[in-house]
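The numbering of the sequence shown is UniProt numbering, which starts it at 1 and goes up by one. We treat Cβ as the ideally placed atom computed from N, Cα and C, and that holds for glycine. Each remark here refers to the structure printed beneath this line.
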Amino acid sequence: PVDVLKTIIEYKVLDFNARYLSTPFVKARSAFYDMVIEGLKELPSRATICRYQVETSIGELLGTYYPKEVWTADIAACAELLVLALKAAFKTGLESAGWLDDATRTNFQPPRAPHPLREILNLTPAAALYPSLTEHHLPTTLKVSQPPHTSQD
1 PVDVLKTIIE
11 YKVLDFNARY
21 LSTPFVKARS
31 AFYDMVIEGL
41 KELPSRATIC
51 RYQVETSIGE
61 LLGTYYPKEV
71 WTADIAACAE
81 LLVLALKAAF
91 KTGLESAGWL
101 DDATRTNFQP
111 PRAPHPLREI
121 LNLTPAAALY
131 PSLTEHHLPT
141 TLKVSQPPHT
151 SQD
(Lines of atoms letter the chains of each structure in order from A and count residues from 1; the text may use other names and numbers.)
(Lines give C-alpha, C1' and ligand atoms only; values in the text may rest on other atoms or scores of the structure.)
Protein backbone atom coordinates (compact mmCIF):
# COMPACT_ATOMS: atom_id res chain seq x y z
CA PRO A 1 0.00 0.00 0.00
CA VAL A 2 2.70 2.57 0.86
CA ASP A 3 4.80 1.41 -2.10
CA VAL A 4 1.77 1.65 -4.36
CA LEU A 5 1.05 5.15 -3.07
CA LYS A 6 4.68 6.16 -3.70
CA THR A 7 4.45 4.81 -7.25
CA ILE A 8 1.23 6.72 -7.90
CA ILE A 9 2.73 9.94 -6.52
CA GLU A 10 5.90 9.47 -8.60
CA TYR A 11 3.75 8.98 -11.70
CA LYS A 12 1.65 12.06 -10.95
CA VAL A 13 4.74 14.22 -10.36
CA LEU A 14 6.38 12.98 -13.58
CA ASP A 15 3.17 13.34 -15.56
CA PHE A 16 2.57 16.88 -14.29
CA ASN A 17 6.16 18.01 -14.93
CA ALA A 18 6.92 15.97 -18.08
CA ARG A 19 6.72 18.96 -20.41
CA TYR A 20 9.49 20.68 -18.42
CA LEU A 21 11.83 17.69 -18.26
CA SER A 22 14.24 16.26 -20.83
CA THR A 23 13.24 15.34 -24.38
CA PRO A 24 12.30 11.67 -23.67
CA PHE A 25 9.75 12.79 -21.06
CA VAL A 26 8.39 15.52 -23.32
CA LYS A 27 8.02 13.08 -26.25
CA ALA A 28 6.39 10.39 -24.12
CA ARG A 29 3.88 12.83 -22.66
CA SER A 30 3.20 14.42 -26.02
CA ALA A 31 2.80 11.05 -27.74
CA PHE A 32 -0.08 10.28 -25.41
CA TYR A 33 -1.74 13.62 -24.63
CA ASP A 34 -1.18 15.39 -27.95
CA MET A 35 -1.32 12.49 -30.40
CA VAL A 36 -3.91 10.22 -28.75
CA ILE A 37 -6.05 12.55 -26.63
CA GLU A 38 -5.85 15.70 -28.81
CA GLY A 39 -5.61 13.83 -32.12
CA LEU A 40 -2.64 15.76 -33.51
CA LYS A 41 -0.84 14.27 -36.51
CA GLU A 42 2.66 15.21 -35.37
CA LEU A 43 4.35 16.13 -32.12
CA PRO A 44 4.41 19.87 -31.40
CA SER A 45 7.81 21.53 -31.56
CA ARG A 46 9.58 22.71 -28.43
CA ALA A 47 8.91 26.29 -29.56
CA THR A 48 5.16 25.58 -29.80
CA ILE A 49 5.17 24.05 -26.32
CA CYS A 50 7.09 27.02 -24.88
CA ARG A 51 4.80 29.52 -26.61
CA TYR A 52 1.74 27.74 -25.18
CA GLN A 53 3.28 27.80 -21.69
CA VAL A 54 3.99 31.52 -21.91
CA GLU A 55 0.46 32.24 -23.15
CA THR A 56 -1.20 30.18 -20.43
CA SER A 57 1.03 30.97 -17.47
CA ILE A 58 2.40 34.48 -17.87
CA GLY A 59 0.83 35.83 -21.04
CA GLU A 60 -1.21 38.58 -19.38
CA LEU A 61 1.66 39.63 -17.15
CA LEU A 62 4.14 39.62 -20.02
CA GLY A 63 1.71 41.64 -22.11
CA THR A 64 2.17 44.67 -19.88
CA TYR A 65 5.98 44.58 -20.00
CA TYR A 66 6.57 43.65 -23.65
CA PRO A 67 5.50 47.02 -25.10
CA LYS A 68 7.72 48.87 -22.65
CA GLU A 69 10.73 46.92 -23.89
CA VAL A 70 10.17 46.63 -27.66
CA TRP A 71 7.14 48.71 -28.72
CA THR A 72 8.68 51.75 -30.41
CA ALA A 73 6.93 54.76 -31.93
CA ASP A 74 7.75 53.36 -35.41
CA ILE A 75 6.06 50.04 -34.60
CA ALA A 76 3.04 51.87 -33.17
CA ALA A 77 2.79 53.98 -36.34
CA CYS A 78 2.98 50.84 -38.52
CA ALA A 79 0.30 49.17 -36.41
CA GLU A 80 -1.95 52.21 -36.71
CA LEU A 81 -1.48 52.18 -40.50
CA LEU A 82 -2.40 48.49 -40.51
CA VAL A 83 -5.62 49.20 -38.59
CA LEU A 84 -6.53 52.06 -40.96
CA ALA A 85 -5.79 49.90 -44.02
CA LEU A 86 -7.98 47.11 -42.66
CA LYS A 87 -10.83 49.54 -41.98
CA ALA A 88 -10.53 50.95 -45.50
CA ALA A 89 -10.50 47.45 -47.01
CA PHE A 90 -13.62 46.43 -45.07
CA LYS A 91 -15.38 49.66 -46.04
CA THR A 92 -14.54 49.14 -49.72
CA GLY A 93 -15.73 45.54 -49.47
CA LEU A 94 -19.06 46.61 -47.99
CA GLU A 95 -19.55 49.40 -50.52
CA SER A 96 -18.89 47.08 -53.46
CA ALA A 97 -20.71 43.96 -52.21
CA GLY A 98 -23.29 43.05 -54.86
CA TRP A 99 -25.48 41.06 -52.48
CA LEU A 100 -25.97 44.04 -50.11
CA ASP A 101 -28.99 46.23 -50.92
CA ASP A 102 -28.72 50.05 -50.94
CA ALA A 103 -30.97 50.57 -47.88
CA THR A 104 -28.81 48.28 -45.74
CA ARG A 105 -25.62 49.81 -47.12
CA THR A 106 -26.91 53.34 -46.32
CA ASN A 107 -28.09 52.45 -42.81
CA PHE A 108 -25.04 50.41 -41.90
CA GLN A 109 -23.40 51.60 -38.69
CA PRO A 110 -20.00 50.22 -37.82
CA PRO A 111 -19.73 48.66 -34.37
CA ARG A 112 -19.14 51.17 -31.60
CA ALA A 113 -16.86 48.84 -29.63
CA PRO A 114 -13.16 49.04 -30.40
CA HIS A 115 -11.89 46.61 -32.99
CA PRO A 116 -10.19 43.58 -31.35
CA LEU A 117 -7.02 44.24 -33.36
CA ARG A 118 -6.89 47.79 -32.03
CA GLU A 119 -7.30 46.46 -28.49
CA ILE A 120 -4.40 44.10 -29.02
CA LEU A 121 -2.23 46.81 -30.51
CA ASN A 122 -3.01 49.35 -27.81
CA LEU A 123 -2.47 46.76 -25.08
CA THR A 124 -4.77 48.61 -22.69
CA PRO A 125 -7.22 45.86 -21.67
CA ALA A 126 -4.62 43.58 -20.06
CA ALA A 127 -2.91 46.50 -18.35
CA ALA A 128 -6.25 47.75 -17.06
CA LEU A 129 -7.01 44.35 -15.55
CA TYR A 130 -3.86 44.38 -13.42
CA PRO A 131 -3.04 48.02 -12.63
CA SER A 132 -1.14 47.21 -9.42
CA LEU A 133 1.34 44.81 -11.00
CA THR A 134 4.98 45.75 -10.97
CA GLU A 135 8.08 44.15 -12.40
CA HIS A 136 8.51 42.43 -9.01
CA HIS A 137 5.50 40.16 -9.64
CA LEU A 138 7.04 38.40 -12.64
CA PRO A 139 9.94 36.68 -10.80
CA THR A 140 7.53 35.60 -8.07
CA THR A 141 5.18 34.11 -10.66
CA LEU A 142 8.06 32.26 -12.29
CA LYS A 143 9.29 30.98 -8.93
CA VAL A 144 5.83 29.71 -7.98
CA SER A 145 5.35 27.96 -11.33
CA GLN A 146 8.65 26.04 -11.04
CA PRO A 147 8.52 22.54 -9.58
CA PRO A 148 10.26 22.29 -6.21
CA HIS A 149 13.83 20.99 -6.24
CA THR A 150 14.38 17.94 -4.09
CA SER A 151 17.70 16.55 -2.96
CA GLN A 152 18.76 13.19 -4.30
CA ASP A 153 18.90 10.53 -1.55
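- In terms of CA proximity to Arg-46, Leu-21 leads the group Val-4, Leu-5 and Leu-21.
- Our two residues, Val-54 and Val-4, have alpha carbons roughly 35 Å apart in a direct line.
- Contact between Leu-14 and Phe-25 holds: their C-beta atoms lie close to 7 Å from each other, under 8 Å.
- Annotated as proximal: Leu-94 and Phe-108, with beta-carbon spacing under 8 Å.
- The residue among Lys-6, Ala-18, Asn-17 and Arg-105 with its C-alpha nearest the C-alpha of Phe-90 is Arg-105.
- Counting the other Cβ atoms within 10 Å of the Cβ of Ser-30 gives 16 or more, which makes it buried.
- The DSSP-derived three-state label of Thr-72 is coil.
- Inter-residue distance for Met-35 and Asn-17 is about 18 Å (C-alpha atoms, whole angstroms).
- Within the UniProt domain "Peptidase M13 N-terminal" (1-107), the complete alpha helix (DSSP H) runs of at least 4 residues fall at 2-17, 23-30, 46-53, 59-70, 73-96 and 102-107.
- Ala-79 has its alpha-carbon roughly 10 Å from the corresponding atom of Ala-73.
- For Leu-43 against Lys-27, the beta-carbon gap comes to about 7 Å, under 8 Å, which counts as contact.
- Judged by beta-carbon spacing, Arg-19 lies beyond the 8 Å limit of Ile-58, meaning their Cβ atoms are not closer than that value.
- Between the C-alpha atoms of Tyr-11 and Pro-1 there is a straight-line separation of about 15 Å.
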